[in-house]
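As given, the protein sequences belong to chains P and A, one line each in that order. For the first sequence, position 188 matches number 188 in this note's numbering, and the numbering has no gaps at all. For this note's numbering, count along the second sequence from 1 and bump the result up by 369.
2 protein chains.
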Amino acid sequence: MKLEFNKDQLLNALNTVTRAIPTRTTNPILECVLFEAADHEIRLTANDTEFGIETVVDGTIAEEGKLAIEAKLCQEIVRKLEGGDSPVVIESDETFLTTIRCEDAVFKIPGRDGEEFAYLPEIDRSHYISMSQFTLKQAVQKTIFSAALNDSNRMMGGLFLEVNGEKARFVALDGHRIAVQNVTLREDYGSAKAIIPGRTISEISKLMTDDNEKEVVLFFSENQVLFSFDRTVIVTRLIEGEYFNIDRMISKSYETKVTVSRSRFLSDVERAVILIKESDHKPVILDIQSGEIRLQAKSAFGSMNSRLQCEQAGRDLMIAFNPRYLADALRNIDDDTVAMYMTNARAPMYFCDDRESYFYLILPVNFVV
Amino acid sequence: MKLEFNKDQLLNALNTVTRAIPTRTTNPILECVLFEAADHEIRLTANDTEFGIETVVDGTIAEEGKLAIEAKLCQEIVRKLEGGDSPVVIESDETFLTTIRCEDAVFKIPGRDGEEFAYLPEIDRSHYISMSQFTLKQAVQKTIFSAALNDSNRMMGGLFLEVNGEKARFVALDGHRIAVQNVTLREDYGSAKAIIPGRTISEISKLMTDDNEKEVVLFFSENQVLFSFDRTVIVTRLIEGEYFNIDRMISKSYETKVTVSRSRFLSDVERAVILIKESDHKPVILDIQSGEIRLQAKSAFGSMNSRLQCEQAGRDLMIAFNPRYLADALRNIDDDTVAMYMTNARAPMYFCDDRESYFYLILPVNFVV
Chain P
1 MKLEFNKDQL
11 LNALNTVTRA
21 IPTRTTNPIL
31 ECVLFEAADH
41 EIRLTANDTE
51 FGIETVVDGT
61 IAEEGKLAIE
71 AKLCQEIVRK
81 LEGGDSPVVI
91 ESDETFLTTI
101 RCEDAVFKIP
111 GRDGEEFAYL
121 PEIDRSHYIS
131 MSQFTLKQAV
141 QKTIFSAALN
151 DSNRMMGGLF
161 LEVNGEKARF
171 VALDGHRIAV
181 QNVTLREDYG
191 SAKAIIPGRT
201 ISEISKLMTD
211 DNEKEVVLFF
221 SENQVLFSFD
231 RTVIVTRLIE
241 GEYFNIDRMI
251 SKSYETKVTV
261 SRSRFLSDVE
271 RAVILIKESD
281 HKPVILDIQS
291 GEIRLQAKSA
301 FGSMNSRLQC
311 EQAGRDLMIA
321 FNPRYLADAL
331 RNIDDDTVAM
341 YMTNARAPMY
351 FCDDRESYFY
361 LILPVNFVV
Chain A
370 MKLEFNKDQL
380 LNALNTVTRA
390 IPTRTTNPIL
400 ECVLFEAADH
410 EIRLTANDTE
420 FGIETVVDGT
430 IAEEGKLAIE
440 AKLCQEIVRK
450 LEGGDSPVVI
460 ESDETFLTTI
470 RCEDAVFKIP
480 GRDGEEFAYL
490 PEIDRSHYIS
500 MSQFTLKQAV
510 QKTIFSAALN
520 DSNRMMGGLF
530 LEVNGEKARF
540 VALDGHRIAV
550 QNVTLREDYG
560 SAKAIIPGRT
570 ISEISKLMTD
580 DNEKEVVLFF
590 SENQVLFSFD
600 RTVIVTRLIE
610 GEYFNIDRMI
620 SKSYETKVTV
630 SRSRFLSDVE
640 RAVILIKESD
650 HKPVILDIQS
660 GEIRLQAKSA
670 FGSMNSRLQC
680 EQAGRDLMIA
690 FNPRYLADAL
700 RNIDDDTVAM
710 YMTNARAPMY
720 FCDDRESYFY
730 LILPVNFVV
């Protein structure tokens, strides 16, 4: 194999595929990127056991071939090459010894037979939805923080995507809170469901551009979803099983509704977080009465009190939360004001806008005044 | 005690003194900042066992007093207050319970009697030197990387400052390399010597501005140095003993001199670093002949070869180094071209400019071709 690249294009492609390289593995082939040059096309692939990324990169094929080399080492080398107008040449011999060369710098690293490499599975492309990359990125980032990525419950470590006609819903939950983002699609795509592993969908969302014009297409099969965008394809396994019955968990009834400045509320909650270390489980207490929220937090470090004007509908209420969960939700809302719906001190609270573009539910905690 | 501050001014003062707060200590008073309000002046002090910082901050004294409160908690709280036009009020009662208030947010945290607090020692101010803050910052940052901060040899963990008439010399070394910065002072200050603990001088250098007009004055006593700048005073203990005899270690003779582009040489060395993990002690080998440096590095990950034009004076030479030491020195030189002086493969190499503003010596290592 002998290929010639522009440095920046090659580096971009490597930066894309290395997102599928596991940080720890005992199987060396999983640490490799596959270079495949055939039929006037150069294709780079990385394949974790959970998800794989394949991308097409421009370059000149002097000799066709197939080669697997250590992905992160290759990325590191290419990053440090001179580049500019000088091409990067990658060449391998029959023992897969690989030479990477640019100007006067020459690296030689061992490679492996590309035949050892596991290809991305074929996915049937009949059942799909399409949205802007920006929409996908936002919907993922504004829900995934509520997933329990390190929990023993695999289902809670996933992002649930549900399509129903023109509506797509993204859901993540961890047993203490639920985050929902609703997205309106451009057309009716029928129905689909997928529980995507949290780490995978996080990595994918980082590859999405902020450009609202650029599309990503999601193809659904039984155990996998394929993401196709730009010149890149990603296939991820799904978490098997039936996701939690969200609609049964979510009740839209309430007795008290409070509308408040999001930034001021967030500031007050962040002040409570100063005093409350993650481990000591102290709550922030909200005392809602007469159009005012009084916040109080108390721990071994000291106490904090604060008051905040609000628009109150319904009866007075005292309710307590883990301040980190409140802060996480408030940070992920873009609106200037936020509405908070409550029933009593033991029932779930939720933030929600009129268009129901987002829905953040948080369970209250016990407290002593 | 009752004081009123502008938030940003108070936060700046806290950011300054908290640099002397140790990260781990079993003595709670060492984690405190002392507020002292008397004679129309508010003074904040933090005092590690090794060094202490005292700064004066503007504010209104409603009631004079003295109070010690947990420094990092106080800093965290003040950082999160609203500020703007609203004053920050700090008030303590006879039990040292402290209220920190701004707008509607009120924190209460326990404080301590300021009398428990250890003041900065008095330093005789007759023996001093003065330089710009920028000069001190640069001289420290361009040497301290060569000190062995975690070594059991305390002397190697220090920065040696030596004043001789109009010359000041900053030196750090770790047994494998020596870094020297020479600074010309504005007048003849006589002579002085001090071995300043590395962590302390690093923290101090971070408090120096990049402004060449702002001065810092260093007062020398037998076991301490006092730094005075802006409205801040820092006192640090010194490492006791006689520093290494640098002049005996440094020989300016050489057999081969090579002049080379600093950035290109650094790029080549950084490429070698990719292949050489810290632990495996593989060198980069420089083969200098006929106006060319050939670099080679080899490890379990692969090999790298490169060549670089240079201006060579003296005989050909093959010599090997830890590439990290070469990279550290090259990164801390500002000039476009750099001169490298060598005698043979077993004798120290040094980088040095004509004005001798810097001098970086590195010991070579053994190699097999």
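Ideal placement from N, C-alpha and C gives every residue a C-beta, glycine not left out.
- DSSP places A:L635 within a helical segment (H, G or I) once states are collapsed to three.
- Under a criterion of Cβ atoms nearer than 8 Å, the residues of chain A adjacent to P:E82 are, in order, S636.
- Look at P:M304: its C-beta is under 7 Å from a C-beta on chain A.
- In the displayed model, A:P479 falls within a strand according to three-state DSSP.
- Approximately 6 Å separates the beta-carbon atoms of P:P283 and P:N322; this is inside 8 Å, confirming the contact.
- One alpha carbon belongs to A:I513, the other to A:A407, and they sit about 39 Å apart.
- For the set A:G660, A:D616, A:S590, A:M618, the Cα lying nearest the Cα of A:T605 is the one of A:S590.
- DSSP, read as helix, strand or coil, puts P:S290 in coil.
- DSSP places P:P197 in the strand class (E or B) of the three-state scheme.
- Under the 8 Å Cβ criterion, the region 161–179 of chain P counts as touching the region 189–209 of chain P, having at least three qualifying pairs.
- For P:A46, the secondary structure class from DSSP, reduced to helix, strand or coil, is strand.
- Contact with chain P is found for A:F476, since one of that chain's Cβ atoms lies less than 7 Å from the residue's Cβ.
- If the five residues before and after A:P717 are omitted, its C-beta is found closer than 6 Å to the C-beta atoms of L730, L732, all from its own chain and listed in chain order.
- Taking C-alpha positions only, A:S672 is separated from A:T414 by approximately 54 Å.
- Look at the region 287–340 of chain P and you find these whole runs of alpha helix (DSSP H), each 4 residues long or longer: 323–331.
- Against chain P, a Cβ distance below 7 Å from A:R676 picks out D104.
- Counting C-beta atoms within 10 angstroms of its own C-beta, A:A669 has fewer than 16 neighbours from the protein chains shown and is therefore classed as exposed.
- Around A:L403, the same chain offers T414, A437, G483, F486 as residues with beta carbons nearer than 6 Å, after the five sequence neighbours per side are excluded.
- Around the C-beta of P:A62, fewer than 16 other C-beta atoms lie within 10 Å, and the residue is accordingly described as exposed.
- A direct Cα-Cα distance of roughly 22 Å separates P:R307 from A:L372.
- Taking the Cα of P:V216 as reference, the smallest distance to any Cα among P:T232, P:F107, P:E203 is reached at P:T232.
- Only E439, L442, E445 from the region 433–445 of chain A bring a Cβ to less than 9 Å from some Cβ of chain P.
- At a cut-off of 7 Å between beta carbons, P:E270 contacts chain A.
- When secondary structure is reduced to three states using DSSP, P:K252 falls in the coil class, being assigned neither helix nor strand.
- In the three-state scheme derived from DSSP, where H, G and I count as helix and E and B as strand, P:K282 is classed as coil.
- Taking all protein chains shown into account, A:K621 has fewer than 16 neighbouring C-beta atoms within 10 Å of its C-beta and is therefore exposed.
- Classified as buried, P:M342 has 16 or more neighbouring CB atoms from the shown chains inside 10 Å of its CB.
- For A:I492, no Cβ of chain P is located within less than 7 Å of the residue's own Cβ.
- By the C-beta density criterion, A:M618 is exposed, having fewer than 16 other C-beta atoms within 10 angstroms.
- Residues of the region 638–671 of chain A whose Cβ lies closer than 8 Å to any Cβ of chain P, in chain order: E639, R640, I643, L644, F670, G671.
- DSSP places P:A172 inside the beta strand (DSSP E), whose first and last residues are 167–173.
- For A:R523, the closest of A:S455, A:Y612, A:S495 by C-alpha to C-alpha distance is A:Y612.
- Contact between P:L238 and P:Q224 holds, with the beta-carbon distance rounding to 6 Å and staying under 8 Å.
- Pairwise C-beta distances place the region 174–181 of chain P out of contact with the region 88–98 of chain P, as fewer than three of them are shorter than 8 Å.
- Distances from the CA of P:K214 to each of P:N12, P:S205, P:E187, P:D230 were compared; the closest alpha carbon is that of P:D230.
- Taking C-alpha positions only, P:A172 is separated from P:R125 by approximately 26 Å.
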